[in-house]
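If you use the working numbering, the sequence shown corresponds to residues 140 to 400, in order.
Backbone N, C-alpha and C define an ideal beta-carbon position, used for all residues, glycine too.
Computed from a predicted structure; not experimentally measured.
One structure below.
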Amino acid sequence: MEILNLFSPDQFKIFLLVLVRVSVVLFLFPIFGSSTIPSLVKAGLALIISMLIFPVVAIDVKLFPNNVVETGIMLFSEFMIGLTLGLTVRIFFGAIQLAGQIVGFQMGYSMINVVDPQTGANVSIMEQIGHWVVLLIFLALNGHHMLVTSLLESYQIVHVGFFELPENIITKFIELISQMFILGIKVAAPAMAALLFTSVAFGISGKFAPQMNIMMVAFPLKIAIGLVLFGMALQIIAVVTKQYLMQFKELLTTFLVWMGG
């Protein structure tokens, strides 16, 4: 209640809009979106960040609607802006997870899953490795700083309560998802090719030496090859992450300008 007393009723309405945008970005970020972090901690962090951002948000309180419908539309617009910021990061992480999932399947890990603390779902071990590797690289390159900076700048580009959803932003998101899918395939390609040739080689060997237990020989060898090549691909992941971060700011600015009309 003491916090509420710091704001006038009109200021609290604006603060609520700021809180919605910040909360969506925070809950979509791979670290804070994890189910292992209590919801109360996430909500508290979102509240603190919103209180820090609120003083720099410039908006005329007279523009704030007095009816429920228009208020709901403004809340939805803030949700969509936060969703755009969060998904732009989340999609990239999904590309690397896809690469790990493909390699894990080729290695024979399709039946060996672990619980993903982010979502609580069963995922491939290699998918989890890929996720944590790209997350550590993202943090090492100060990607989280760039995300916070972009969040602050979003209030200058798309003011609170002003939002448009142009058709080209949906097309751009589809293109981004397609590019990330191709990126995941490229990262996994060396291991995929090597494991495919290994499977073919053992298949031919099985024809010439039917008495040999192909499964007992091939399974550990494919795991070893997959781990070595996926480990070598970590350098590619580091380079790709750095390149994506260089384009990240420009991409977000483009999205925000479109949404700001």
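- The Cβ atoms of Val-164 and Gly-233 lie no closer than 7 angstroms to each other.
- If the five residues before and after Val-161 are omitted, its C-beta is found closer than 8 angstroms to the C-beta atoms of Ala-185, Ile-188, Ser-189, Ile-192, Gly-221, Leu-290, all from its own chain and listed in chain order.
- Going by DSSP, Leu-290 is part of the alpha helix (DSSP H) stretching over 282 to 296.
- Between Tyr-383 and Phe-231, the gap from beta carbon to beta carbon is short of 7 angstroms.
- The distance from the Cβ of Lys-361 to that of Leu-334 is about 6 angstroms, consistent with a contact at the 8 angstroms cut-off.
- Annotation: Ile-324 to Asn-206 spans about 49 angstroms, alpha carbon to alpha carbon.
- Within the model, the alpha-carbon separation for Gln-350 versus Met-246 is close to 23 angstroms.
- Ranking Gly-243, Ala-182, Ile-235 by CA distance to the CA of Phe-358 puts Gly-243 first.
- By the 16-neighbour rule on beta-carbons within 10 angstroms, Ile-343 is exposed.
- Our two residues, Met-371 and Ala-330, have alpha carbons roughly 9 angstroms apart in a direct line.
- In this structure, DSSP gives Phe-168 a state outside helix and strand, which the three-state scheme calls coil.
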